[in-house]
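J.: Chains as they are written, first to last, in my numbering: chain A, 470 to 821; chain B, 10 to 203; chain C, 126 to 681. Glycine residues also receive a C-beta, built at the ideal position from the N, C-alpha and C atoms. Since the model is a prediction, treat every value here as computed from it, not as a measurement.
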Amino acid sequence: MILLGVISAALMYGVAVFPVDRYLPEASTVSLPIDWIFKFCAFFSVPILVYVNGLMLYFVVRYRHRPDEPMDAVGSPIHESRLLETVWTVIPALLLIALAVVSYLVIPLYYPTGQAAASAVTMEAIGHKFYFEFRYPGLTQSVMNEMHLPVGVPVTLDITSAEETTDVATGAVIHGFWIPEFRLKQDMIPGMVVPIHFTPREIGTFRIVCSEFCGLGHSHMWGTVVVQSKPDFDRWYAQQVQAGRSAAAGVAPINLAAGNAAAGQALFAAKCTLCHNAAPFAQRKVGPGLANLFHDPAHPRLVTGKPATPDNVVDILEHGAHGDMGVMPNMQANGLTAKDIANLVAYLKTLH
Amino acid sequence: MAKALHVPSDAEYADVSSQRLLGFLFFLISDCVIFGDFIFSYLYLRDVAPVWPPPGIERPYLYLAAVNSMVLFGSGATMHYAMEGIRRDRRRQFVAFILATIVLGSLFLAGQAYEYTHLHDTWAGSTFGASFFTLTGLHGFHVLIGVIYLITVFIQTLRGTYTQQRHFGLTAATLYWHFVDVIWVALFFLFYIY
Amino acid sequence: MNEQSAPVGTVASHVGGHIHPPPDSFVKKYIFSLDHKVIAVQYFITGGLFFILAGLLAELMRAQLMGPNNHVLSVETYNEAYSVHGSAMVWLVIIPLLTGGFGNLVMPLQIGARDVAFPWLNMLSFWLFPPAGILLFASFLFGAPQAGWTEYPPISLQMPFGTSLWCLAIFLIGVSATITGLNFLVTIVKMRAPGMTYTRMPLFVWATGTTALLSMIATANLSAALAGLFIERTFGVPFYNVARGGAPVLWQHVFWFYSHPAVYIMILPAFGIVSEIIPTFVRRPIFGYKMIAYSSAAIGLLSFMVWAHHMFTSGLAHWEQLLFMALTMAIAIPTGIKIFSWVATLWGGKIRLDTPLLFVLGFLSTFTFGGITGIMLASVPADIHEHGTYFVVAHLHYVLFGGSVFGIFAGLYYWWPKMTGRLLDERLGKIHFWLMFTAFNATFLPMHWIGLLGMPRRVATYDPVYAGTNEFVSISAFVLGFSFLIFLYNALRSARHGEIAGPNPWGARTLEWMIPSPAPYYNFKDIPIVLSGPYEYGAPLPYANIRQDLATVPVH
Ligand code: HEA
Ligand code: HEA
Ligand code: CUA
Ligand SMILES: [Cu+2]
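1) According to DSSP, simplified to helix, strand and coil, what is C:Y323?
2) Going by DSSP, name the residue or residues bridged to A:D656.
3) Just checking C:V431 against ligand 4 - is the residue's beta carbon closer than 7 Å to any of the ligand's heavy atoms?
4) Using a Cβ-Cβ cut-off of 8 Å, state whether B:Y158 counts as contacting chain C.
5) Between C:E637 and ligand 2, is there a pair consisting of the residue's CB and a ligand heavy atom that are separated by less than 7 Å?
6) For A:S477 and A:V519, what's the separation of their Cα atoms in angstroms?
7) Could you list the residues in the region 521-543 of chain A with a C-beta less than 7 Å from some C-beta on chain C, going in chain order?
8) Report whether the distance from the Cβ of C:H434 to the nearest heavy atom of ligand 4 is below 7 Å.
9) If you drop the 5 nearest sequence neighbours on each side, which residues of the same chain put their C-beta closer than 6 Å to that of C:G623?
10) To the nearest angstrom, report how far apart B:C41 and C:K543 are at their CA atoms.
11) Against A:Y573, what residues of chain C qualify as contacts under a CB-to-CB distance less than 7 Å, listed in chain order?
12) When we look at the beta-carbon of B:F150 and count the other beta-carbons within 10 Å, is it buried (16 or more) or exposed?
13) In its own chain, which residues sit with a C-beta less than 8 Å from the C-beta of A:M481, not counting the 5 before and 5 after it?
14) Kindly indicate the opening and closing residues of the alpha helix (DSSP H) around A:S630.
15) If you measure from the beta carbon of C:V680 to each beta carbon in chain A, is any gap under 8 Å?
16) What is the DSSP secondary structure of C:G440, reduced to helix, strand or coil?
17) Skipping 5 residues on each side, what residues in its chain have a beta carbon closer than 6 Å to that of A:A802?
18) Using a beta-carbon distance below 8 Å, is C:W559 in contact with chain A?
19) Return the CA-CA distance between B:G146 and A:A631, expressed in angstroms with no decimal places.
20) Can you name the residues of chain A whose CB is closer than 9 Å to the CB of C:G487?
21) Using 8 Å as the threshold, is the C-beta distance between C:F488 and C:V399 below it?
22) Check the Cβ-Cβ distances between C:W472 and every residue of chain A, and say whether any is below 8 Å.
23) Between which two residues does the alpha helix (DSSP H) holding C:I611 run?
24) Any beta-carbon of chain C closer than 8 Å to the one on A:S698?
25) Is there a Cβ of chain C sitting closer than 8 Å to that of B:Q28, yes or no?
26) Got a sec: does ligand 2 put a non-hydrogen atom nearer than 7 Å to the Cβ of C:G273?
27) Take C:G658 and list the residues in its own chain whose beta-carbon comes closer than 6 Å to its own, dropping the five residues that flank it on each side.
28) Taking C:G536 as the reference, give the member of C:T224, C:S158 and C:K154 with the closest Cα.
29) Per DSSP, what kind of secondary structure is B:A133 in: helix, strand or coil?
30) Using a Cβ-Cβ distance cut-off of 8 Å, determine whether B:G83 contacts chain C.
31) Reducing DSSP to helix, strand and coil, say where C:A137 ends up.
32) Just tell me which of C:H434, C:V362, C:V590 and C:A372 has its CA closest to the CA of C:L502.
33) Measure how close the beta-carbons of A:V755 and A:G686 come, nearest whole angstrom, since I'm counting them as under 8 Å.
34) Any C-beta of chain A sitting closer than 8 Å to the C-beta of C:T480?
35) Which bits of chain C does B:T180 rub up against, with CB to CB less than 8 Å?
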């Protein structure tokens, strides 16, 4: 018993001082209490596990039927003990009540009851097949897959899921919005908007992971969240406002001849490989493989049904496409400029 | 199976039929859960919908359903008297009332068929239609099975399978029939009144 | 209901009456058999085959997950593999083996009955099972389901025809489970031997009875939910599709209203097996019989009230989150009572560490661990981080594999002689145990860690930072798969070389051990009379009307 007590105490100490932050940064305000709850569970689970396993082993060794004992020897006839049974009902009950109360206190920290905190920036996160869309107040266009947040400013995120169509076959599905470093997760459910609330507390770049099966692209549905200092954030935001204005002012005509294949390649790696391989048509990820786009005898036509000419590809990149495989985002959604498109087409032409 | 070999004694018959009755009761409970599931779905969809019934959908016509309900409840009463008939060994009463039950049950089905053909909403038309047709359809299916079952036990009784002492099949049929009635009360309330 | 003990001495007619002659044709004896013991073996064989298939799918998945960006399986095939793996393990392996297999084999014997209440229904239930399994695996030909064993819409509405086959398959197995539940419940209520009051029933019967009640109610609900999904997929009847006014979260409610009770359908019989094996090998009365029995009932009741703990990230209202969290945690209390009572039974015993007990000890260790990770999931804020990750995958394998599968193997080693008349080899059994136990922990323990660090479930590729752990997990999973070959060899070997068991090789005291092994057709020549509880080691046997020459304590 004493030995088990010592083992438990040592492990409990280990749990208490375990540096979670070193393995997975605690990058938002809600990370701390959630990790605390987890540690609390682990803390009281340790003695339960140690005693159940330890006593089991000890009894098995101590009360073994020995060869010199008669074959029909039997053990203690004790049937029950009120005291023991009460103890092992009451103690777990108390621990669980404590856990429930602590959890109860933590829920409102990320799950705003009634009014969201007044000072908070409210923005939207929308799940698509297979990328995340963010809408900022004051921005005319959305930001794709890369969320920027200022450190230390409380945020309320309205989380939902949407697709361009209402057709069952390609309609919206459930995604999961998860930032492990923030310990935050909310399913993105079509037809429902669920707000969550938090404050980023560390500068850095963290992952956004889709945690709910949403189809073929689920395995690849990743985004990033960039937590910046306030000035950095403001600079980024100003750029976005600028980009929105120029988009509204009309898209500059696309000058294909000026396309730069090397720049296109870099862009492709950054923005397109989420959904496309630089491989033959059949090796699809979300969308089709794009090597041979212009020279594939098996696929003389694009998914839009038009011939594979540069102009028609530009059309897809500008306006997106929507067919059997899913949705190809338009240029705003992909964050492309007219120049980017020219570069991409130049690069795509080089692929065989 | 070896039917003819063994004629059960009264005590054995009582044992076996009490077992079967319990089994039948359990069957009704699980059947009830199936209705419960769709009723829950109906209430849930109703709860999340911004307006109810969904825009452009009319509720089915109350008066027809009310008349039809009376027919079904009437058949519950006649079933009761039919059962009394067998318990007291009054053959004529039994025959008259079980025939009445069968006729009323069929009338109910006819009424429902009429209603189905005269509604604008369809099964796949709206969430209201989905719940309405699934639940009333499932119920109608139960009534249909019930009518067939009643005809079967009726013929069996004429052939002498069931007697004043031994009438497990009839007891089960009565239970089933009353169960179908009770479900209808819930559906009637949910779809025509609530 | 008047359920007082029948007066001792009157062998009431209600427990079987006359004896039919055994069937004479091969088909009636082994294929369309009405005998609960033969049906049990049919369940074991069919379920065992599906276990191998579902396990091989898991090994394929692990091969794909060996490294990031592997191309062993395409993404589609990977999705199909885990969906069918999960569905098959739950519905074609664990539930049929525990209720159809052990329930059929043991429960009628333990209550001193000649068969179940409705043998014909029993046969029907079994024969719904192989077609269901074939449908499920046949769905691979038509684009198997990809949305996991939970098949959440809307994505499951967008999948090819295989998902409809999945609906049909699970519907069939659901009907089968409902019928079995009904049948068992009537059997337990009506067919106990005279003198066997509820508090004299063996604990396995308690567990089977509670499970039967859960199967009957919860599974009926599953059938309805599946019918809903099927008609929406086939006829476009809007229940779950938002664009048409439906609600995807509705499916989650109705699915989990079945599937949470289902996880107790998958563990309660295993609890029952543990409660039988412990007193037998410890040679002392089980500690806290009544608390163990009533806690089964409590778990059964509570299990209907916790379903939404799978939906803490689905935007439930506040009060719902709190309510379901509290009720979920409440389940740990009756479960804890069981665990502690079992450990306390070990105290002061005369313990024989034979293979069945070894598996039970393994069960205690791993299931407790899995239960505790369950508690970590039950806390709403913690679940916010853990939901949809490998932490959940680890939890579910700790309870389903560490609980149910360990329980199944314990039961197999224990009742094998009653089924076949021969013992399994002890030495091979022990090797099997240690290999399986070690490989099991090596496979599933690291999953907790990578889950917490950020690896979501149901993905065919992952961030390379998890590569090392995943490789280790995959290798352990292959070893785990290998460990079952030892059992397979042992089972085949015992048919020829197994030691002849005799009626009661373990010195147990429940009724199934009071008759020859394998049990004769119609089980008991005379219906036994029960005089007291089943675990009173040291006291004379509490039965009248049994053949004394069989009811001996073994000498090895
Ligand atoms: C056999 C099956 C089985 C069993 C028995 C359990 C038992 C429990 N499960 Fe588990 N669970 C699953 C199978 C099972 N589960 C499956 C398959 C899933 C995933 C489904 C999917 O999404 O695919 C799942 C998922 C799951 C979730 C959802 C996670 C998520 O997706 O976000 C939750 C959340 O609450 C949960 C909780 C619990 C709890 C509290 C118990 C409790 O019953 C455990 C109680 C036991 C103990 C606690 C141990 C013994 C007790 C003591 C020694 C007493 C002292 C203890 C304390 C004071 C803590 N489980
Ligand atoms: C009782 C249930 C049960 C059991 C026993 C298992 C057993 C195993 N499971 Fe499974 N699993 C589930 C139930 C179960 N699983 C469920 C419900 C899910 C969730 C699905 C979902 O997300 O929807 C899941 C999901 C799941 C995942 C997550 C997939 C994902 O989210 O992407 C993984 C990944 O590693 C996995 C692995 C394994 C492994 C390696 C085994 C191994 O233990 C298997 C070992 C067994 C064998 C290998 C078979 C025996 C083999 C032989 C006897 C060899 C002889 C062969 C011949 C002679 C031909 N399982
Ligand atoms: Cu989006 Cu998974
Ligand atoms: Cu659950």
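T.: Looking at the atomic coordinates:
1) It is helical.
2) A:D656 is bridged to A:G645.
3) Within the cutoff, so yes.
4) It does not; no Cβ of chain C falls within 8 Å.
5) Short note on C:E637: C-beta not closer than 7 Å to any heavy atom of ligand 2.
6) If you draw a straight line from the Cα of A:S477 to the Cα of A:V519, it comes to about 6 Å.
7) For the region 521-543 of chain A, residues whose beta-carbon sits nearer than 7 Å to a beta-carbon of chain C comprise V521, N522, L524, M525, F528, V529, Y532, R533, H534, E538, M540, D541, A542 and V543.
8) Checking every heavy atom of ligand 4 against the Cβ of C:H434, one is found closer than 7 Å.
9) Same-chain partners within the cutoff: R547 and L548.
10) Going by the C-alpha atoms only, they are around 39 Å apart.
11) Within 7 Å Cβ-Cβ: L447.
12) Answer is exposed; the Cβ neighbour count stays below 16.
13) If we look at A:M481 and ignore the five residues flanking it on each side, its Cβ neighbours are F512, V515 and P516.
14) No alpha helix (DSSP H) holds A:S630; the beta strand (DSSP E) holding it covers V624 to S630.
15) Summary for C:V680: the model assigns pLDDT 48, below 50, so the residue's position carries little reliability; its value from the coordinates is reported in the next sentence. Residue contact with chain A for C:V680: present (Cβ-Cβ distance below 8 Å to some residue of chain A).
16) Judged by DSSP in its simplified three-state form, C:G440 adopts coil rather than helix or strand.
17) Taken in chain order, the residues that qualify are M613.
18) At a cut-off of 8 Å, the C-beta of C:W559 has no neighbouring C-beta in chain A.
19) Each residue's CA atom was taken as its position, placing B:G146 and A:A631 some 34 Å apart.
20) Neighbours of C:G487 on chain A: none; closest Cβ ~10 Å, over 9 Å.
21) In this structure, C:V399 lies closer than 8 Å to C:F488 by Cβ.
22) Output row for C:W472: interface = yes.
23) Element bounds for C:I611: A592 to H622.
24) So, not an interface residue.
25) Yes, B:Q28 lies at the interface with chain C (some Cβ there is under 8 Å from its Cβ).
26) Checking every heavy atom of ligand 2 against the Cβ of C:G273, one is found closer than 7 Å.
27) Taking C:G658 as the centre and dropping the five residues before and after it, the same chain places the C-beta of R325 closer than 6 Å to its C-beta, in chain order.
28) Out of C:T224, C:S158 and C:K154, the CA that lies nearest to the CA of C:G536 is found in C:T224.
29) If DSSP states are grouped into helix, strand and coil, B:A133 belongs with coil.
30) In terms of beta-carbon proximity, B:G83 stays away from the interface with chain C, with every pair separated by 8 Å or more.
31) Low confidence applies to C:A137: its pLDDT is 38, below 50, so where it sits in the model is not reliable, and the reading given next is rough at best. In this structure, C:A137 counts as coil in the three-state DSSP scheme.
32) It is C:H434 whose Cα lies nearest to the Cα of C:L502.
33) With 8 Å as the limit, A:V755 and A:G686 qualify as a contact, their Cβ atoms being about 4 Å apart.
34) Not one chain A Cβ lies under 8 Å of C:T480.
35) Near B:T180 there are no residues of chain C at all, since even the closest Cβ is about 16 Å away, more than 8 Å.
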